[in-house]
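Engineer: Count along the sequence shown starting at 1, add 921, and that's the number in the numbering used here.
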Amino acid sequence: MRRRVQRDMSTIARRGVHYLQKLNAENVPADLLERGQNRVIDASLTLIRERAKLKGELVRALGGVKATSSLLGVPLGHNSSFLQGPAFAPPRIREAIWCGSTNSETEEGKELKDPRVLTDVGDVPVQEIRDCGVDDDRLMNVISESVKLVMEEDPLRPLVLGGDHSISFPVVRAVSEKLGGPVDILHLDAHPDIYDAYEGNKYSHASSFARIMEGGYARRLLQVGIRSITSEGREQGKRFGVEQFEMRTFLRDREFLENLKLGEGVKGVYISIDVDSLDPAFAPGVSHIEPGGLSFRDVMNILHNLQADVVAADVVEFNPQRDTVDGMTAMVAAKLVRELTAKISR
Ligand SMILES: [Mn+2]
């Protein structure tokens, strides 16, 4: 009985966003279907474009800033190898940012209620687009296009709320293409996410950094917090010249990592934070619980001391379905977003 209950629970958790009906298109002409899908995609991009434009106009009218963090939610969970809960993360993170249990200033004194510091263009409607039978090649293009629409509105810079880690590929691709060259990436994660493919899926959340490195979108890739890595992960790391900092040597690497200077000679720095880079004691609401990770203060020290022009960032893999009842990990993800906002906005 107990075993059966556990299986049912895990079935429900795995089901994630599968409540969506599969589009039944067997007898529908392909061109009719594609025209309909294109209209839905156009409508999705129009909403992002117009919201980004409005927020950009507002910030420019207020004046006096070079860079403003702009939240863009990408509620995508189906490229996870295990659970799909990260699809539900963006609204939970926003709720925690503004929940009022703490003040609205970052640790170093930036006021988040100032739209010149932090603005929001909403979510890419991932589930609505998938519900129309759009495949991942096109969905990834929609995500890249949405990121570019934000960057179109100077001084907005994308701060992306995941979603599973597969979203970092289309986001970094867009940032690099828009800026016209590679970036340096600081990637905090328990896992290197650099498999050539995982379970046959080239868009897997375990493969995003293979796609990024193949595409030439990054010059340096520093991976910090690593403690679940296979021989393939290490080989792929060598193949792409990745600087992998494993937790087992963190005490030795700490001073270096707390004094990073990145991005010179490239278009800027991208920061990707997988919430599971933190020890599960600090952030239990993740799909892949991996003991032995960074403390929240370790991450703050690395971020606060980083010298870099941060052009974009993401916070991924927060899984609300695994969080504590009081939403502790939502607060952790929200604080990561708040402090990344401080890092980006100038
Ligand atoms: Mn991870």
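C-beta: ideal position from N, C-alpha, C; glycine also.
Can you tell me which residues fall inside 6 Å of ligand 1, judged by beta-carbon distance to its nearest heavy atom, and keep chain order?
Structural biologist: That gives D1110, A1111, H1112, D1195, D1197, H1209 and E1238.
Engineer: Three or more beta-carbon pairs under 8 Å between the stretch 1001-1020 and the stretch 974-981, yes or no?
Structural biologist: Too few Cβ pairs lie closer than 8 Å, so no.
Engineer: If you pair each beta-carbon of the stretch 1214-1233 with each one of the stretch 1247-1265, do three or more pairs fall below 8 Å?
Structural biologist: Yes, the stretch 1214-1233 is in contact with the stretch 1247-1265.
Engineer: Using a 10 Å radius around the Cβ and a threshold of 16 neighbouring Cβ atoms, would you call Y940 buried or exposed?
Structural biologist: Locating residue 940 in the sequence shown gives position 19, where the first residue counts as 1. For Y940, the predicted structure reports a pLDDT of 46, less than 50, and the residue's modelled location is therefore unreliable. The matter cannot be settled from this model.
Engineer: Under 7 Å between the Cβ atoms of A1233 and R1078?
Structural biologist: Within the sequence shown, numbered from 1, the residue matching residue 1233 stands at position 312. Within the sequence shown, numbered from 1, the residue matching residue 1078 stands at position 157. Yes, the pair counts as a contact, with Cβ atoms nearer than the cut-off.
Engineer: Would you mind stating whether E1110 and S1025 have Cβ atoms separated by less than 7 Å?
Structural biologist: The residue you call residue 1110 lines up with position 189 of the sequence shown. The residue you call residue 1025 lines up with position 104 of the sequence shown. Residue 1110 is actually Asp in this sequence, not Glu. No, the pair does not count as a contact, with Cβ atoms beyond the cut-off.
Engineer: Relative to the alpha-carbon of V1104, which residue among D1056, E1185 and I962 has its alpha-carbon at the smallest distance?
Structural biologist: Within the sequence shown, the letter at position 183 stands for residue 1104. When each option's Cα is compared against that of V1104, the closest is E1185.
Engineer: Identify whether S1001 lies in helix, strand or coil by the three-state DSSP scheme.
Structural biologist: As a first step, residue 1001 must be located in the sequence shown, where it is residue number 80. Here S1001 sits in coil by DSSP.
Engineer: Taking all protein chains shown into account, decide if S1152 is buried (16 or more other Cβ within 10 angstroms of its Cβ) or exposed.
Structural biologist: Along the sequence shown, read from residue 1 onward, the residue named residue 1152 stands at position 231. By the 10 Å Cβ count, S1152 comes out exposed.
Engineer: Helix, strand or coil, according to DSSP, for G985 in the structure here?
Structural biologist: As a position in the sequence shown, residue 985 is number 64, starting the count at 1. Looking at G985 - three-state DSSP - the assignment turns out to be coil, as it is neither helix nor strand.
Engineer: Quick one: what does DSSP say A1118 is sitting in, helix, strand or coil?
Structural biologist: Along the sequence shown, one-based indexing puts residue 1118 at 197. Coil.
Engineer: Which whole runs of the beta strand (DSSP E) in the stretch 1016-1077 are 3 residues long or more, in chain order?
Structural biologist: The stretch 1016-1077 contains these whole beta strand (DSSP E) runs: 1039-1044.
Engineer: Whose C-beta lies closer than 6 Å to the C-beta of D1044 among residues of the same chain, with five residues either side of it excluded?
Structural biologist: Within the sequence shown, numbered from 1, the residue matching residue 1044 stands at position 123. Correct list, in chain order: G994, P996 and P1011.
Engineer: Would you list the residues sitting across from Y1191 in a DSSP beta bridge?
Structural biologist: Counting from one through the sequence shown, the residue named residue 1191 turns up at place 270. According to DSSP, Y1191 bridges with I1106 and A1233.
Engineer: By the DSSP assignment, the alpha helix (DSSP H) with I1265 in it spans what residues?
Structural biologist: As a position in the sequence shown, residue 1265 is number 344, starting the count at 1. Here the alpha helix (DSSP H) through I1265 covers M1249 to I1265.
Engineer: When burial is assigned at 16 or more other CB atoms within 10 Å of the CB, is F1177 buried or exposed?
Structural biologist: Numbered from its first residue, the sequence shown carries residue 1177 at position 256. So F1177 ends up on the exposed side.
Engineer: For V949, count the other beta carbons within 10 Å of its own beta carbon; 16 or more makes it buried, fewer makes it exposed. Which is it?
Structural biologist: Locating residue 949 in the sequence shown gives position 28, counting from the first residue. Exposed, by the Cβ-count rule.
Engineer: Quick check: V1187 and Y1138, are their CB atoms within less than 7 Å of each other?
Structural biologist: The residue labelled residue 1187 in the question sits at position 266 within the sequence shown. The residue labelled residue 1138 in the question sits at position 217 within the sequence shown. Contact: no.
Engineer: Tell me the DSSP bridge mates of I1014?
Structural biologist: Taking the sequence shown and counting its residues from 1, the one referred to as residue 1014 is at position 93. DSSP lists no partner for I1014.
Engineer: Starting from E1167, trace the alpha helix (DSSP H) both ways and give me its first and last residue.
Structural biologist: What you label residue 1167 is simply residue 246 of the sequence shown in a count that begins at 1. From DSSP, E1167 is part of no alpha helix (DSSP H) but of the beta strand (DSSP E) over E1164 to E1167.
Engineer: Tell me whether D1075 is buried or exposed, calling it buried when 16 or more other Cβ atoms sit within 10 Å of its Cβ.
Structural biologist: Residue mapping note: residue 1075 aligns to position 154 of the sequence shown, counting from 1. Result: exposed.
Engineer: Report the residue from R972, H1086 and E1164 whose alpha carbon sits nearest the alpha carbon of V1071.
Structural biologist: Along the sequence shown, one-based indexing puts residue 1071 at 150. V1071 has its Cα closest to that of R972, out of R972, H1086 and E1164.
Engineer: For my contact list, S1087 and N1000 are in at a C-beta cut-off of 8 Å; report their separation, rounded to the angstrom.
Structural biologist: Your numbering for residue 1087 matches position 166 in the sequence shown. Your numbering for residue 1000 matches position 79 in the sequence shown. Yes, S1087 and N1000 are in contact; Cβ-Cβ is about 4 Å, under 8 Å.
Engineer: Nearest by alpha-carbon distance to R1267: which of F1090, F1217 and D1035 is it?
Structural biologist: Taking the sequence shown and counting its residues from 1, one reaches residue 1267 at position 346. Here the closest residue by C-alpha is D1035.
Engineer: Would G1083 and V1237 qualify as a contact pair, given that the criterion is a beta-carbon distance under 7 Å?
Structural biologist: Counting from one through the sequence shown, the residue named residue 1083 turns up at place 162. Counting from one through the sequence shown, the residue named residue 1237 turns up at place 316. Yes, these two residues count as a Cβ contact at 7 Å.
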